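**Student:** Questions regarding the structure given below will be posed in turn.
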Amino acid sequence: MYGGKLTTYRKLAEQVVDLLAPALGHASTAWTAATPLPGGDMPDGDFAGFLAQARVRHGWLAPTLLHRYARAYGTRIGRLLAGCSQVTDLGEEVLPGLYAQEVHYLRAVEFARTAQDILYRRSKLGVHLAADSEKILDGWLAQH
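Position one of the sequence shown corresponds to residue -11 (this note's numbering), numbered consecutively onward.
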């Protein structure tokens, strides 16, 4: 297949599609460069302004958790936190900094199926958590 750095994935994906499209009978031009990723549709691309607004709306969240949510989910943070107005609404803290609400969101919306999906592909929490975190989360997922 194809590999590359995170900063070039979009361009690499466009090149792969350009190679595959004719074989599949599809003809179109690249469009992703001008399209924000899901959650990236912040006015003027202003993350600082977006984070300030998120602090007003979700001031009940710890600043570090709110910042992580804003970075990871962008404008989809409202969908992630739907129905939540206090920390207890996030449900069980499955692992440090990972609440049931986020796990349910990732499973329902972002196609996360395994602990590895959640910890490494989507939240990047696996880089910082204890070595047994994946096993703990796999057990939790099996029960829920």
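Just so you know, even glycine gets a beta-carbon here, dropped at the ideal spot from N, CA and C. Computed from a predicted model, the values in this text were never measured in an experiment.
Indicate the three-state DSSP secondary structure (helix, strand or coil) for L86 in the structure shown.
**Tutor:** Residue state, collapsed to three classes: strand.
**Student:** For the 8 Å Cβ check, are there 3 or more pairs between the region 119 to 126 and the region 72 to 92?
**Tutor:** Cβ pair count under 8 Å is three or more, so yes.
**Student:** Distance check for L117 and G71, CA to CA, integer angstroms please.
**Tutor:** Looking at the two C-alpha atoms, the distance is approximately 27 Å.
**Student:** G66: which of F38, T76, A100, S111 sits nearest, CA to CA?
**Tutor:** The candidate whose alpha carbon is nearest that of G66 is F38.
**Student:** How long is the line joining the alpha carbons of S20 and T63, rounded to whole angstroms?
**Tutor:** For the record, residue 20 in the displayed sequence is Thr; it is not Ser. If I take the Cα positions, the gap works out to 18 Å.
**Student:** Identify the residues that DSSP records as bridge partners of E2: which are they?
**Tutor:** Note: E2 sits in no beta bridge, so no partner.
**Student:** Classify L78 as buried or exposed, calling it buried when 16 or more other Cβ atoms lie within 10 Å of its own Cβ.
**Tutor:** Result: buried.
**Student:** When the distance is taken between beta carbons, is Y57 closer than 8 Å to G27?
**Tutor:** In this structure, Y57 does not lie closer than 8 Å to G27 by Cβ.
**Student:** What residue does the alpha helix (DSSP H) around K123 start on, and which one ends it?
**Tutor:** From DSSP, the alpha helix (DSSP H) with K123 extends over 121 to 131.
**Student:** Just checking my contact of A18 with E2 at CB under 8 Å: how many whole Å lie between their CB atoms?
**Tutor:** Yes, A18 and E2 are in contact; Cβ-Cβ is about 4 Å, under 8 Å.
**Student:** Rounded to the nearest angstrom, what separates G13 and H46 at their Cα positions?
**Tutor:** Spanning the two alpha carbons is a distance of roughly 47 Å.
**Student:** Does A96 pass the burial test, meaning 16 or more other C-beta atoms within 10 Å, or should it be called exposed?
**Tutor:** Result: exposed.
**Student:** On the premise that A100 lies in contact with L94, defined as a C-beta separation below 8 Å, what is that separation, rounded to the nearest angstrom?
**Tutor:** Yes, they are in contact, since the Cβ atoms of L94 and A100 sit about 4 Å apart, within 8 Å.
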